[in-house]
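There are 2 protein chains.
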Amino acid sequence: MAERDPLPSWNAGPTRAAILDFAARVTDEAHADFLPPAERVAVFGHDGTLWCEYPVPMQVLFTRERLAQIASRHAALRQREPFKAFLDSELPQVDAMGLRALLQLGFVTYAGLTLEDFTRRAAAWVATARHPSLHRAVAACAYQPQLELMAFLRARGFAVFIVTCGSVDFVRAFAPAAYGVAPSQVIGSSVKTQVDLQGGQASVVTLSEMQSWNDRETKVRNLGLHVGVRPVFAFGNADGDLAMLRYTLAGAGPRLALLLHHDDEQREFAYDGDFFFSPLDEALQHAGALGIRVVSMRRDWATVFPEAPS
Amino acid sequence: MAERDPLPSWNAGPTRAAILDFAARVTDEAHADFLPPAERVAVFGHDGTLWCEYPVPMQVLFTRERLAQIASRHAALRQREPFKAFLDSELPQVDAMGLRALLQLGFVTYAGLTLEDFTRRAAAWVATARHPSLHRAVAACAYQPQLELMAFLRARGFAVFIVTCGSVDFVRAFAPAAYGVAPSQVIGSSVKTQVDLQGGQASVVTLSEMQSWNDRETKVRNLGLHVGVRPVFAFGNADGDLAMLRYTLAGAGPRLALLLHHDDEQREFAYDGDFFFSPLDEALQHAGALGIRVVSMRRDWATVFPEAPS
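Here it is, written out as C-alpha cells:
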C-alpha cells in the first residue's frame with residue numbers, strides 16, 4: 064500500500080523535492096547525512112511564516128481590542144497619543160506609529176497581568192477574532208502547507224520550535240491547539256516579570272519593561288538560551304529571520320533553510336518591501352548566495368489556508 | 064502479570080505513596096484531579112536534587128580543571144586572587160571565596176567559547192571526572208531514585224524540566240545522556256552572549272557578563288520565560304528551590320512539591336546548614352506549613368546511587 068502523501072498542499076517541484084530529500088537523508092541510518100533524533104531541531108518563524116501577518120500582525124489587532132476595553136473605562140486614553148491614533152482606525156497604521164509607540168501600547172495593555180490571565184485572554188481572542196479582509200477566522204489563518212510540514216518533521220523525530228518576534232506569551236496561548244507545539248517550544252519577545260502575590264498566591268506578573276526583542280541576531284542568541292542546540296532546519300519569511308537562517312546553515316552536516324516569499328495576491332497577499340516589520344529585501348536579495356531556498360507561495364503551495372474557513 | 068515496580072529504589076512509606084497516588088489521580092480520566100498531558104509539567108532542581116552537590120558543586124571542579132589548564136599557559140594567574148586560592152587546593156573552598164569571585168572564575172574560564180565548544184568540553188569532563196570522595200565517577204553520582212522518578216513521570220505523559228542554579232550550558236551538555244532530558248528542557252543560570260563569526264561561520268559565543276542567576280524567585284520567573292505553564296510537580300532540595308516549590312503549589316488543582324533532605328551520612332552526606340549554596344534551613348523549617356513534603360534520603364531511598372560505580 065502506498066504511503067499517503069504527507070505534504071498534499073505542497074506542489075511538486077524543487078522546493079518540495081528538497082524538503083523530502085533532506086528529511087530522507089537525515090533519517091536514513093545508512094546515509095552519510097543521518098542525524099540522531101537529538102540533533103533533529105527545526106525552527107520556524109511565526110508571523111508571515113506560519114500564519115498571515117498582513118496587513119498588520121494579528122497581535123496588533125488583539126492589542127487594539129484590549130486597549131479599546133481599557134479606554135471605555137478610562138476616557139482620557141482616547142485623547143492621548145499614541146492611543147488615539149491606534150483606536151481611531153479599525154486597522155491601526157503601525158507603519159506610521161513606529162516600534163517605540165507600539166511597545167508602549169503593549170505595556171499599557173498587558174502590564175500587571177498574571178501569566179495565566181494573559182494566556183486566557185489571548186486564547187479567547189484567537190478563538191473568536193476574524194481577519195480584517197480574508198473573510199476567515201484568525202484561527203484559520205495558519206498556512207495549511209506549514210501545518211503539514213511541521214507534522215511531517217515531528218513524525219520523523221524532529222523537535223519543532225517556533226521563534227517569533229511576537230510576544231512569547233501571546234503565541235504560546237494558542238500554539239498547542241494551532242500547531243501542536245508545546246508552550247516551552249515557543250521562543251519570542253518578552254517583557255520583564257516579577258513574582259507577585261495576587262490573592263496570597265505566587266504568580267508570574269508582567270512588568271512594563273522590555274526583556275528581549277526577539278528579532279534578527281537576538282533570535283540566534285535566544286536559540287542558544289532556550290534550545291541550546293544549533294538547528295538543522297529553519298524556515299522564515301523576513302529580514303528578521305535572516306540571522307537565524309544563516310546560523311542554521313553555518314553548522315556542519317546536513318542543513319536546510321527556507322524563506323517564504325509572499326507573492327500570491329490571489330490567495331493571500333504580495334507585499335515585498337511595503338511592510339513595516341518585514342521589508343523582505345535583504346533576505347530575498349541574498350538568499351541565493353547564502354544557500355537559502357526561496358519558497359514561492361504562488362508556485363509552491365497548492366493550498367494556502369485550511370478548508371472550511373468558517 | 065503484575066506490572067514491574069517503576070520505583071524500585073523508593074522505600075515503601077508515605078513519600079512513595081504520595082508520589083504514586085498523585086500520578087494515579089492526574090492520569091485517571093475518571094478522577095476529579097485528572098490533568099490533560101499538556102498540563103503535566105514536572106520540574107526538578109539539579110545540584111543536590113538530581114545528583115550529588117557535596118562537598119562542592121561538580122561545576123566548581125570542572126571550572127578548576129579548566130582554570131588549571133589556562134594557568135599552565137598564563138603563569139601570572141597562579142599569583143593572583145581569586146585564582147590562586149582556587150588553584151592551590153584540590154577541593155576549592157568556595158564558601159570562603161564568595162559568589163562574586165566564583166562568577167569571576169566562571170567568566171575567565173568560559174568567555175569567548177562558542178556554545179558548541181563549551182558543550183563538547185563539559186560533556187567530555189563529565190564523562191571522565193571522578194567525585195573527590197565518593198569513589199565513583201561524576202557521571203555515576205546521579206541519584207538512582209530520581210532517575211526512576213523522572214522515567215516514571217515521563218511514562219505518564221509528563222514533560223520533565225531541570226531548573227538549575229548551575230550554568231544552563233553545563234547541565235545541557237550531559238542532561239540527555241544522564242537524565243533523558245533534552246537540552247531545551249534544561250533551564251539554568253546564563254551569561255550574556257553574542258553572535259560571533261568564528262571561521263566565517265555564525266556562532267553563539269559567551270560574554271563575561273551575567274544574564275540570569277537562576278536561583279530563588281528567578282527560578283519562577285525563568286519558568287515563566289522558558290516553560291510558560293505553571294508546573295504541577297516540583298522537586299527541590301535547597302532554599303533556592305523554595306520559591307519554585309511554592310509557585311508550583313499555588314496553582315489550582317492537584318499539586319505535589321517535594322524537598323530532598325540530605326540526612327544520609329552513610330551513603331551520601333548529611334549537610335544541613337553547613338553548605339554555602341544550600342543552607343537548607345528556611346525550606347526545611349517551613350516545608351510542613353507550606354504543604355511541601357520532605358523526602359528523607361536515609362529513610363525514603365532504598366538505593367542512592369546507580370550500581371556499578373566504576
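Sequences listed follow chains A and B, in order.
According to this note's numbering, the stretch in the first sequence is residues 64 to 373, in order.
According to this note's numbering, the stretch in the second sequence is residues 64 to 373, in order.
In this text, a Cβ means the ideal position worked out from N, Cα and C, and glycines have one as well.
Query, Result
"Counting only the same chain and skipping the five closest in sequence on each side, list residues whose C-beta sits under 6 Å from that of B/M160.", "P145"
"To which residues of the same chain is A/V268 closer than 8 Å at the C-beta, ignoring the five residues directly before and after it?", "G175, L176, T177, L178, T256, Q257, V258, D259 and Q261"
"Name the DSSP beta bridge partners of A/D259, please?", "A/S266"
"For the region 202-233 of chain B, which residues have a beta carbon sitting closer than 8 Å to at least one beta carbon of chain A?", "A222, F224, V231 and D232"
"Determine the DSSP secondary structure at A/V244, reduced to helix, strand or coil.", "coil"
"Does the region 278-298 of chain B come close enough to the region 318-333 of chain A to have 3 or more Cβ pairs within less than 8 Å?", "no"
"Could you tell me whether the region 76-95 of chain B touches the region 124-141 of chain A, using the rule of 3 or more Cβ pairs below 8 Å?", "no"
"Smallest Cα separation from A/A238: which of A/V367, A/L210 and A/L216?", "A/L210"
"Can you pull the chain A residues whose beta carbon is under 7 Å from the beta carbon of B/E102, in chain order?", "Chain A residues near B/E102: none, gap ~10 Å exceeds 7 Å."
"What three-state label does DSSP hand A/R235 in the structure shown?", "helix"
"Which whole-angstrom value describes the C-beta separation of A/L168 and A/T126, a residue pair presumed to lie in contact below a C-beta threshold of 8 Å?", "6 Å"
"Does the region 203-223 of chain A come into contact with the region 84-98 of chain A, if we say contact requires no fewer than three beta-carbon pairs (one atom in each stretch) closer than 8 Å?", "yes"
"What are the start and end residues of the alpha helix (DSSP H) that includes B/I133?", "M121 to R136"
"Counting pairs of beta carbons, one from the region 349-360 of chain B and one from the region 306-323 of chain B, are three or more of them closer than 8 Å?", "yes"
"State whether the region 147-160 of chain A contacts the region 113-124 of chain A, with contact taken as three or more CB pairs (one from each stretch) at a distance under 8 Å.", "yes"
"Counting only C-beta atoms, is B/T177 closer than 7 Å to chain A at any point?", "no"
"For B/S72, does the count of other Cβ atoms within 10 angstroms reach 16, so buried, or fall short, so exposed?", "buried"
"Can you have a look at A/E282 and say buried or exposed, based on whether 16 or more other CB atoms are within 10 angstroms of its CB?", "Looking at the sequence shown, residue 282 of chain A is not Glu but Lys. Looking at its Cβ environment, which holds 16 or more other Cβ atoms inside 10 Å, A/K282 is buried."
"Using the Cβ count rule (16 or more neighbours within 10 Å means buried), how would you classify B/D278?", "buried"
"May I have the straight-line CA-CA distance separating B/E102 from B/G314, to the nearest angstrom?", "11 Å"
"Just how far apart, CA to CA, sit B/D344 and A/T172?", "41 Å"
"Comparing C-alpha positions only, which one of A/H94, A/G111 and A/V106 sits nearest to A/D302?", "A/G111"
"Spell out whether any CB of chain A is found under 7 Å from the CB atom of B/D68.", "no"
"Report the neighbours of B/R284 on chain A: residues whose CB is nearer than 9 Å to its CB, in chain order.", "K255, T256, Q257, V258 and V267"
"How would you list, in chain order, the residues of chain A whose beta-carbon sits under 7 Å from the beta-carbon of B/P246?", "V290, G291 and V292"
"For A/A306, go through chain B and note every residue whose CB falls closer than 9 Å to its CB, in chain order.", "V258 and A265"
"Skipping 5 residues on each side, what residues in its chain have a beta carbon closer than 6 Å to that of A/P372?", "Reliability fails at A/P372, whose pLDDT of 47 lies under 50, so the model's placement of it is uncertain and the value that follows must be treated cautiously. If we look at A/P372 and ignore the five residues flanking it on each side, its Cβ neighbours are R199 and A203."
"Identify the contact partners of A/P42 in chain B, using a Cβ-Cβ distance below 8 Å as the criterion.", "This structure cannot speak to residue 42 of chain A, because chain A is shown only from 64 to 373."
"Please report whether the beta-carbon of B/Y242 lies at a distance below 7 Å from any beta-carbon of chain A.", "no"
"Whose C-beta lies closer than 6 Å to the C-beta of B/F296 among residues of the same chain, with five residues either side of it excluded?", "A105 and L319"
"Along chain B, which residues have their Cβ under 7 Å away from the Cβ of A/E280?", "V258"
"Taking C-beta pairs closer than 8 Å, name the residues in chain A that B/A313 reaches, listed in chain order.", "Q264, A265 and S266"
"Can you check whether the C-beta of A/R143 is within less than 7 Å of a C-beta belonging to chain B?", "no"
"Cβ of B/R318 less than 7 Å from any chain A Cβ?", "no"
"Relative to the alpha-carbon of B/H94, which residue among B/Y334, B/V358, B/F170 and B/P317 has its alpha-carbon at the smallest distance?", "B/P317"
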